[in-house]
Each structure stands twice: as C-alpha cells, then as structure tokens.
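Residue numbers (my numbering): 288 to 817. Only one structure is covered here, and it is reproduced in the block below.
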C-alpha cells in the first residue's frame with residue numbers, strides 16, 4: 288500500500304472578501320505520481336500553495352512527511368536570474384568557486400557540505416533533458432519559456448524533496464519540451480502531485496485525485512481510469528435518482544388514492560348519520576374511531592412521502608450537472624475550392640482552402656503566434672521570416688491574450704457589437720447554449736471568471752455578422768480545464784467554415800478534426816503534411 292505523504296485535515300481557506308475557496312477539505316496524497324484534476328475555480332492551484340506552505344489555511348491543518356518542492360503555474364523570474372539560481376544550486380556553486388579561488392573561509396565549506404560534485408551533477412541533469420551545454424551562468428532572459436520550465440523542473444529533481452508539486456507544467460510548452468517533461472515525470476523520485484489539463488501527461492499518473500465541491504476523492508490509476516470510474520459512478524447515481532423519483536411518485540399516488548377513499552368514507556358516514564340509519568351515539572363512536580384511524584394513516588403516508596422526497600434529494604445531489612454545448616450556426620458559405628489563406632516562406636506557398644481544419648505546429652520560439660498576428664493585422668512581412676496573406680475579410684481571431692473585450696460593458700453588449708442585427712433575446716439564447724446564463728450575461732465583463740470571459744470571446748467569433756469564413760485560434764486550450772476543452776470542441780463542431788489553429792495539445796487537435804498539419808520549422812520554411 289502507498290504511504291501517505293500529504294494529509295489535509297478539514298482545511299478551510301477564506302479570502303479577505305469572504306469568498307470560501309476551500310471548504311473543509313480532507314484527504315491524503317500518497318507516494319508515487321498523482322494527477323490532481325477538477326474544474327477551473329475548484330481551488331487546485333490554491334491547494335498546492337497551501338501544501339507548499341506559500342499560503343496558510345484559515346482553519347484546519349496540512350501535514351507533510353518532509354520538505355516540499357513546488358513549481359508554480361507562472362514562473363516570476365528576473366531576466367538576470369542565472370541558471371544556477373533557477374536550479375537552486377547557486378549558493379553551493381558560488382562557495383565552490385570561492386574555495387577554488389583560494390578562499391578557505393569555513394563558511395564556504397559549510398555551504399558545500401557533501402556537494403563537491405554539484406556542477407557535474409547539474410550539467411548531467413541538464414543534459415538529460417536536452418539542455419546540454421546551457422551553462423550555469425547563463426541568464427533566464429536568454430532562455431525560452433519552455434527551457435526555463437525544464438531548468439526549474441531539473442532543479443526540483445536535483446533537490447530530491449520527499450514531495451514535489453507541479454502546477455500546470457505543460458502550459459505553453461511545445462511538443463519536444465512536453466516529451467522531455469514526460470520523461471522526467473516517468474522517473475521522478477519521491478512523491479509527485481501534478482495539476483494539469485494535459486490528458487497525455489495525466490495518463491502517466493499512478494493515481495488521480497479530484498477536487499470537487501470541497502471534497503478530495505482519489506482513484507487508483509491514470510486519468511482514463513478515473514474518467515471510467517466517474518462515468519460508472521454517475522450512471523449509478525442517475526439510476527438511483529430515477530428509482531427514487533419513481534418511488535416518490537408512487538408514494539404520492541398512494542397518498543392521493545388513500546385520501547380519496549377516506550373522503551368517500553366520510554361522506555358515506557355523514558349521509559348514514561343524516562338519514563338515521565344507525566343510532567346517533569353509535570355514529571359518533573364510529574366517526575371518532577374513523578377520524579383517529581384516518582389521522583394515523585395520513586401521518587404514515589405523509590412520513591413515507593417525506594422520506595421518499597429526502598431520498599430523491601440525496602440521489603439528485605450525487606448526480607453532477609454535465610453541461611454540453613449544442614449550437615446551430617449560420618452557414619458561412621465556404622465552398623471546397625475557396626482559397627482563404629496563403630502562407631509563404633519565400634520558396635513555397637501553403638494554401639488553406641474550403642472548410643479545412645488545419646493545425647499550425649512547430650517548436651516554441653519559431654514564430655507561430657507572430658505569423659498569425661502578421662496574417663490578421665496585415666503587417667508587412669519580416670525579411671527572412673514566413674508570412675501570410677488573407678484571401679477573405681471575414682475572419683475571426685482568438686489570440687492567446689484575451690484582452691479585446693470592453694471590461695466595463697456586459698457580455699451581452701460585447702457580443703452585440705459584432706452581431707448588431709441580432710435581438711437581445713437571440714444573443715441571450717446563444718450565450719445560454721455557450722453556458723453563460725442568467726444575470727452573468729448582464730454583468731460587466733471585468734467581473735467574469737477566466738472561463739466566462741473565454742466564452743464571451745468565443746461567442747463573438749461564432750456569432751459575428753456576416754459569419755466568419757475562417758477562424759484563427761492561437762493556443763485556445765491554454766488554462767482551460769478538461770470539461771471546458773470538451774465544450775470548446777462541441778462549440779466548434781457546429782462551425783462550417785475553415786479553422787487555422789496553433790496548439791501543442793494533440794488530444795484537442797484530434798477531437799477537433801484537424802486533419803491537415805502545417806509545420807513551421809526553425810529554418811523559416813513552411814511545409815504541409817497530413
């Protein structure tokens with residue numbers, strides 16, 4: 288049996304404004320690799336910060352078996368930070384170099400301890416993740432985002448803490464870097480807890496924990512095992528809810544039938560007494576007995592209905608609301624031969640035409656987002672770099688930074704800006720199908736969550752007038768939880784135009800139906816491959 292390494296005892300975290308982020312959470316993480324999943328806003332990142340000691344709980348306590356290593360979702364590093372600092376070996380390296388330079392101060396020897404080979408071990412660890420020769424004195428400002436994440440992970444691995452926490456480590460990483468990270472995870476020493484929406488990474492876990500409505504439930508096996516467990520659990524819960532509802536209906540029906548019989552008997556007894564069929568004293572005795580019997584029956588029937596209703600409520604509470612998107616969108620009129628985009632590299636041209644779904648791929652730093660931005664803005668090509676040309680003016684663009692909404696206005700108003708002929712009722716109906724409902728539609732966009740803002744942006748793309756013939760999406764699944772990615776795929780299923788998407792998420796691209804791949808290479812060439 289795996290041993291507990293992190294134990295949560297009735298943990299509560301309440302923000303200064305009174306918002307409860309974690310509500311009496313109890314549970315255990317064990318040795319091995321555990322994937323932590325849950326909807327956006329469930330508190331996963333907050334939970335990791337509590338375990339790492341970055342945040343104190345409002346009440347309850349967190350116990351760990353030893354030191355905790357922690358990689359936050361966003362690395363906040365100065366450009367002058369060295370690789371040695373990011374690895375966490377800078378103090379030891381500085382002490383070693385001081386000793387090598389002839390400084391025999393005892394504090395340097397205390398700092399080094401037994402780590403005389405730290406530079407060799409650090410170089411070997413960096414070599415193992417494909418960063419050979421990077422140099423411990425190199426500055427973070429000279430690294431790509433993916434390289435910085437790999438260095439930080441390597442530092443955590445060198446520390447060999449009993450518990451390591453990783454918060455969305457694959458965000459913004461290209462395929463080669465994701466593969467290197469996956470190799471690290473497969474052979475990670477000690478206990479590892481990973482928050483991620485990357486299903487490929489989650490398939491490498493030994494256990495999967497879900498944070499849901501304040502509870503922490505752990506299932507043995509990778510994400511697919513957890514998903515199967517949850518599907519079976521929900522099927523059983525739905526069947527229990529149907530059975531409980533049938534029982535409640537039967538109890539209510541029996542109560543109505545019993546009340547009908549009692550009323551009929553009372554009418555018969557009154558008629559008999561009125562007609563003088565029996566002596567008055569006997570009638571009174573019978574009436575008193577009948578009332579007592581009826582009262583007892585009504586109490587019993589009411590209790591059975593109440594118990595059946597309680598069973599329905601309990602069964603319904605186990606059934607999760609699974610929101611799915613089902614849209615009907617206007618036809619953007621994109622014939623199969625209609626040319627929409629040309630991508631040039633100086634020697635060849637790649638054409639996107641008809642209702643194609645095309646994935647634009649390539650390593651981090653190769654210029655994919657730059658190419659999309661140049662394509663959309665029509666900016667002049669950069670000499671020596673690939674460039675593009677739009678052959679339609681009906682284009683919807685979803686950049687990585689979702690900052691083109693008017694935060695002071697409502698979701699309804701932001702969408703009506705691009706769909707002026709749509710009635711408010713029509714826009715509300717579409718937003719409801721995109722899971723933005725009720726008063727949320729009228730709130731200022733600044734007050735919406737990240738997922739809600741994403742849906743407003745998506746609505747602007749899908750509902751624009753006239754309909755977009757081409758959607759350009761730049762890493763649309765970054766920071767979306769797995770259910771939200773599913774809902775994005777469902778929304779795009781209704782779209783009949785062309786899609787050009789940058790993504791490193793192979794699972795998403797497969798579900799989206801991106802049958803064509805265009806590769807942007809480090810040498811600046813653009814190649815189509817299927």
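Just so you know, even glycine gets a beta-carbon here, dropped at the ideal spot from N, CA and C.
- Going by DSSP, residue 332 is part of the alpha helix (DSSP H) stretching over 331 to 339.
- Residue 749 places its beta carbon 8 Å or farther from that of residue 728.
- When beta bridges are read from the DSSP output, residue 731 appears opposite 697.
- Annotated three-state conformation of residue 543 is helix, per DSSP.
- Of the candidates 487, 494, 589, the residue whose Cα lies closest to the Cα of residue 536 is 589.
- Here residue 297 carries a strand assignment [DSSP, helix/strand/coil].
- Taking all protein chains shown into account, residue 675 has 16 or more neighbouring C-beta atoms within 10 Å of its C-beta and is therefore buried.
- Two segments are said to touch when three or more pairs of C-beta atoms, one from each, lie closer than 8 Å; by this definition the region 681 to 693 touches the region 738 to 753.
- In terms of Cα proximity to residue 721, the closest of 613, 481, 769 is 613.
- A distance of 8 Å or more separates the beta carbons of residue 788 and residue 778.
- When only Cα atoms are considered, residue 301 and residue 394 end up about 43 Å apart.
- Distance from the CA of residue 372 to the CA of residue 337, rounded to the nearest whole angstrom, comes to 24 Å.
- Secondary structure note for residue 470: its alpha helix (DSSP H) is the uninterrupted segment 462 to 473.
- When DSSP reads this structure, residue 315 sits in a beta bridge with 294.
- Per the DSSP secondary-structure output, residue 346 pairs in a beta bridge with 299.
- When the Cα atoms are used, residue 454 and residue 357 turn out to be separated by approximately 8 Å.
- The secondary-structure analysis by DSSP pairs residue 761 across a beta bridge with 789.
- Between residue 632 and residue 811, the C-beta gap is smaller than 8 Å, which places the two residues in contact.
- DSSP places residue 691 in the coil class of the three-state scheme, outside both helix and strand.
- Two segments are said to touch when three or more pairs of C-beta atoms, one from each, lie closer than 8 Å; by this definition the region 492 to 506 touches the region 311 to 319.
- Distance from the CA atom of residue 774 to the CA atom of residue 806, rounded to whole angstroms, is 27 Å.
- Look at residue 737 here: in three-state DSSP terms it is helix.
- Counting the other Cβ atoms within 10 Å of the Cβ of residue 474 gives fewer than 16, which makes it exposed.
- Less than 8 Å divides the Cβ of residue 495 from the Cβ of residue 512.
- For the options 374, 417, 618, 647, the alpha carbon positioned closest to that of residue 423 is the one of 374.
- When secondary structure is reduced to three states using DSSP, residue 369 falls in the strand class.
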